[in-house]
Amino acid sequence: MGIKTVDSHAKYLDLPVVFGRSKKAIFSLVTDRVWKKLNGGRRRIYPKRARKFEPSYAWRSIMQANDLVRMGSTWRIGNGNKVRIWEDGWILNNSDYLVHGPRVQLEENALVSELIDTNLKRLPQDKIIWCWEKNVVYSVRSAYHLLDDRKFCNQPSPSSIFQESLWGKIWKAPVPNVIRNFLWRLVKHILPSRARLAKKGLTLDPYFPLCYQQAEDYEHLFMSCPFSKLTWFASPLGLHAPSNVDVNSWVLQGLSNPLVEGVQIFCTSLWKIWFHRNKLIFEQQAFVPHEYEVASSASSFGAEFSPTFLREIDMNTSDVLEASQVVSPICNRICVDAGCFSNGSTGWGLIVKDHEGSVIFSACRFEEIHTSPILAEALAIRWAIRTAIDLNYNQVTIVSDALTIVKDIEGKTCPAKVELIVQDCISLCSNFMHVAVVYVKRTLNTEAHNLVQLSKHVGCRTWSMIIPNLAIVCNPHLGASS
Numbered sequence: 007m008g009i010k011t012v013d014s015h016a017k018y019l020d021l022p023v024v025f026g027r028s029k030k031a032i033f034s035l036v037t038d039r040v041w042k043k044l045n046g047g048r049r050r051i052y053p054k055r056a057r058k059f060e061p062s063y064a065w066r067s068i069m070q071a072n073d074l075v076r077m078g079s080t081w082r083i084g085n086g087n088k089v090r091i092w093e094d095g096w097i098l099n100n101s102d103y104l105v106h107g108p109r110v111q112l113e114e115n116a117l118v119s120e121l122i123d124t125n126l127k128r129l130p131q132d133k134i135i136w137c138w139e140k141n142v143v144y145s146v147r148s149a150y151h152l153l154d155d156r157k158f159c160n161q162p163s164p165s166s167i168f169q170e171s172l173w174g175k176i177w178k179a180p181v182p183n184v185i186r187n188f189l190w191r192l193v194k195h196i197l198p199s200r201a202r203l204a205k206k207g208l209t210l211d212p213y214f215p216l217c218y219q220q221a222e223d224y225e226h227l228f229m230s231c232p233f234s235k236l237t238w239f240a241s242p243l244g245l246h247a248p249s250n251v252d253v254n255s256w257v258l259q260g261l262s263n264p265l266v267e268g269v270q271i272f273c274t275s276l277w278k279i280w281f282h283r284n285k286l287i288f289e290q291q292a293f294v295p296h297e298y299e300v301a302s303s304a305s306s307f308g309a310e311f312s313p314t315f316l317r318e319i320d321m322n323t324s325d326v327l328e329a330s331q332v333v334s335p336i337c338n339r340i341c342v343d344a345g346c347f348s349n350g351s352t353g354w355g356l357i358v359k360d361h362e363g364s365v366i367f368s369a370c371r372f373e374e375i376h377t378s379p380i381l382a383e384a385l386a387i388r389w390a391i392r393t394a395i396d397l398n399y400n401q402v403t404i405v406s407d408a409l410t411i412v413k414d415i416e417g418k419t420c421p422a423k424v425e426l427i428v429q430d431c432i433s434l435c436s437n438f439m440h441v442a443v444v445y446v447k448r449t450l451n452t453e454a455h456n457l458v459q460l461s462k463h464v465g466c467r468t469w470s471m472i473i474p475n476l477a478i479v480c481n482p483h484l485g486a487s488s
């Protein structure tokens with residue numbers, strides 16, 4: 007049949023028929039074949055492109071947030087053993103938290119610990135904190151605001167002073183909260199005008215449906231539209247909207263009106279224009295020829311709100327308590343205040359009184375250093391606590407008009423910039439049998455506030471048994487100082 011005759015049976019089923027004592031060499035053939043089968047099976051079951059790294063959506067989101075967390079975090083210095091002076095962010099007052107200046111005498115990788123005298127105090131470990139929340143704890147809300155700020159950081163925008171002035175005037179405007187909220191959305195450019203919706207990708211006609219002359223952006227809607235111009239001219243203000251400014255600058259100009267009624271009419275007119283625009287679009291109520299009606303309704307609305315607003319002011323200003331009602335009648339009392347001046351310097355004022363309210367001594371301090379108001383107030387309270395310790399008081403009440411710092415010491419919040427100062431205050435309070443840090447309104451702390459203003463003229467001085475004023479200090483025959 008043509009079958010070949012096998013003369014030698016060296017292998018059967020890939021195993022040698024004749025073998026000697028070395029079993030390892032023989033059965034290594036079996037293990038090699040098994041591993042070849044396994045590896046070949048893996049390649050068939052798990053192809054190369056399927057073996058690449060495929061993290062889940064949750065892990066991808068977590069890893070993508072690494073850069074964000076690094077961007078919004080900085081070091082809080084303890085012993086300084088982990089933080090590099092030049093490479094790591096640890097200066098809270100700088101926008102990038104880095105040290106800017108000539109690198110002299112210290113190496114490139116020098117640590118902050120080289121700047122600290124460790125013999126003075128036992129220091130905690132360095133800690134990474136989140137700078138966009140007062141409690142230094144990361145939150146999604148603050149991360150969103152960080153990304154939003156970074157998104158527009160390279161785009162031209164108004165100065166921070168302009169923005170702070172605008173926000174302050176909006177939230178203090180003598181109008182209902184609904185109009186304040188409307189103004190805030192207007193200057194933030196988040197009102198759903200047609201031009202903005204088209205920019206967001208919605209398919210619609212971007213032209214203003216009242217005049218159809220140009221796209222419905224904020225400047226055209228509130229300033230340059232012929233019907234808006236008639237509305238402003240018909241109002242008691244008799245305004246002519248300028249054509250060379252943006253809506254934010256114009257809103258700030260209107261809010262800067264020295265007359266309360268003028269601010270009310272201006273804000274209400276803006277809101278009424280938006281209100282009637284929505285009526286036109288969603289309810290087909292004609293805006294023409296009611297431009298004069300818009301102006302009159304804005305005026306009447308402002309007149310109705312004005313008595314209520316003034317009544318609220320009277321109630322707030324009349325709600326005044328005596329300082330003796332918020333402190334213990336058997337405790338000595340120390341009133342403090344701080345202030346940051348426009349030239350970059352900082353001043354403090356302190357008054358020590360006994361339990362009967364008699365002045366023991368008063369003092370003011372002045373430093374050519376630039377600090378934030380919240381940090382200056384925290385330093386003022388620490389100064390008061392240390393003064394009480396130096397006077398060997400067992401019971402004392404510290405009076406301050408800085409509500410934020412008082413709450414910090416109570417443990418409710420703790421901003422990153424003052425956390426270490428607050429911890430010092432809490433630690434120092436353990437030296438007393440009874441100690442209280444209480445908040446009073448600025449109107450009840452005017453004596454300490456006046457000392458802060460006085461520090462600009464006299465520097466660091468102390469007076470015994472009196473609370474001086476500028477006239478007394480300028481007279482060399484009055485007021486003992488040291």
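Okay, so the sequence shown: first residue is 7 according to the numbering used here, each after it adds one. Ideal Cβ placement from N, Cα and C applies to all residues, glycine included. Owing to the predicted nature of the structure, the values given are computational and were not obtained by experimental measurement.
{"Query": "Whole angstroms is fine: what's the gap from serine 461's alpha carbon to alanine 344's?", "Result": "10 Å"}
{"Query": "Taking the alpha carbon of isoleucine 196 as the reference point, which residue from Val253, Val75, Val458 and Pro180 has its own alpha carbon closest?", "Result": "Val253"}
{"Query": "Determine the DSSP secondary structure at histidine 361, reduced to helix, strand or coil.", "Result": "coil"}
{"Query": "Since arginine 82 is in the beta strand (DSSP E), which residue starts that stretch and which ends it?", "Result": "79 to 82"}
{"Query": "How is the alpha helix (DSSP H) around valine 464 delimited, first residue to last?", "Result": "452 to 464"}
{"Query": "Is the Cβ of valine 142 closer than 8 Å to any Cβ of chain B?", "Result": "Chain labels in this structure do not include chain B; a single protein chain is all it has."}
{"Query": "I'd like the list of long-range same chain contacts for isoleucine 473, defined as Cβ closer than 7 Å, with 5 residues on each side in sequence excluded.", "Result": "Ile357, Val365, Ser368 and Glu453"}
{"Query": "Rounded to the nearest angstrom, what separates tyrosine 442 and asparagine 187 at their Cα positions?", "Result": "Checking the sequence, you will find alanine at residue 442 rather than tyrosine. Computed Cα separation, rounded: 38 Å."}
{"Query": "Starting from isoleucine 404, follow its DSSP beta bridges and name the residues at the other end.", "Result": "Ile340 and Val443"}
{"Query": "Would you report the Cα separation of leucine 385 and asparagine 87, rounded to the nearest angstrom?", "Result": "26 Å"}
{"Query": "For glutamate 374, which of helix, strand or coil comes out of DSSP?", "Result": "coil"}
{"Query": "Roughly how far, in whole angstroms, is the beta-carbon of valine 458 from the beta-carbon of cysteine 370, given that I think they are within contact range, below 8 Å?", "Result": "7 Å"}
{"Query": "So does the segment 232 to 252 actually touch the segment 202 to 213, counting three or more Cβ pairs closer than 8 Å?", "Result": "no"}
{"Query": "Identify whether isoleucine 135 lies in helix, strand or coil by the three-state DSSP scheme.", "Result": "strand"}
{"Query": "Rounded to a whole number of angstroms, what is the C-alpha to C-alpha distance between lysine 359 and alanine 247?", "Result": "57 Å"}
{"Query": "Check for me: the alpha helix (DSSP H) holding arginine 283 runs from which residue to which?", "Result": "266 to 289"}
{"Query": "Leaving out five residues on either side along the sequence, give the residues of the same chain with a beta carbon under 8 Å from the beta carbon of glutamate 60.", "Result": "none"}
{"Query": "Below 8 Å on the Cβ atoms is my guess for isoleucine 391 versus leucine 426; work out the distance and round it to an integer in Å.", "Result": "Contact doesn't hold; Cβ gap of about 15 Å is too wide."}
{"Query": "Measuring straight from C-alpha to C-alpha, what distance separates proline 295 and proline 264?", "Result": "The pLDDT assigned to proline 295 is 40, lower than 50, so where the model puts this residue is not dependable; a value taken from the coordinates is nonetheless given after this. Distance between the alpha carbons of proline 295 and proline 264: 32 Å."}
{"Query": "Helix, strand or coil for isoleucine 387? Go by DSSP, reduced to three states.", "Result": "helix"}
{"Query": "Can you give me the C-alpha to C-alpha distance between proline 108 and alanine 382, rounded to a whole angstrom?", "Result": "28 Å"}
{"Query": "With distance defined between alpha-carbon atoms, name the residue in Lys423, Leu409, Gly355 and Glu362 nearest to threonine 377.", "Result": "Lys423"}
{"Query": "Could you work out which residue in Ile375, His361, Gly363 and Ile340 is closest to asparagine 349 when comparing CA atoms only?", "Result": "Ile375"}
{"Query": "Drop a sphere of 10 angstroms on the beta-carbon of aspartate 320, count the other beta-carbons inside from all chains shown, and report buried for 16 or more, exposed for fewer.", "Result": "Reliability fails at aspartate 320, whose pLDDT of 42 lies under 50, so the model's placement of it is uncertain and the value that follows must be treated cautiously. Exposed is the call here."}
{"Query": "Excluding the five sequence neighbours on either side, which residues of its own chain have a C-beta within less than 7 Å of the C-beta of threonine 80, listed in chain order?", "Result": "Gly95, Trp96, Leu98, Tyr103, Ile135 and Cys137"}
{"Query": "Which of the three DSSP states is assigned to cysteine 37 in this structure?", "Result": "Checking the sequence, you will find threonine at residue 37 rather than cysteine. Note: threonine 37 maps to helix in three-state DSSP."}
{"Query": "Please state whether DSSP places serine 368 in a helix, a strand or coil.", "Result": "strand"}
{"Query": "Name the DSSP bridge partner or partners of threonine 352?", "Result": "Cys346 and Glu373"}
{"Query": "Under 7 Å from any heavy atom of the ligand FAD, does the C-beta of histidine 455 make it?", "Result": "Absent from the structure shown: the ligand FAD. Ligands present: none."}
{"Query": "How should valine 184 be labelled, buried or exposed, when 16 other C-beta atoms within 10 angstroms of its C-beta is the threshold for buried?", "Result": "exposed"}
{"Query": "Going straight from the alpha carbon of tryptophan 280 to that of serine 171, what length do you get?", "Result": "24 Å"}
{"Query": "Secondary structure at tyrosine 213, three-state DSSP: helix, strand or coil?", "Result": "strand"}
{"Query": "Considering Cα atoms alone, identify which of Val146, Ile91 and His226 is closest to leucine 192.", "Result": "His226"}
{"Query": "Between which two residues does the alpha helix (DSSP H) containing threonine 410 stretch?", "Result": "409 to 416"}
{"Query": "In the DSSP assignment, find the beta strand (DSSP E) that holds tryptophan 65 and state where it starts and stops.", "Result": "It is not in any beta strand (DSSP E) - tryptophan 65 instead sits in the alpha helix (DSSP H) that spans 63 to 70."}
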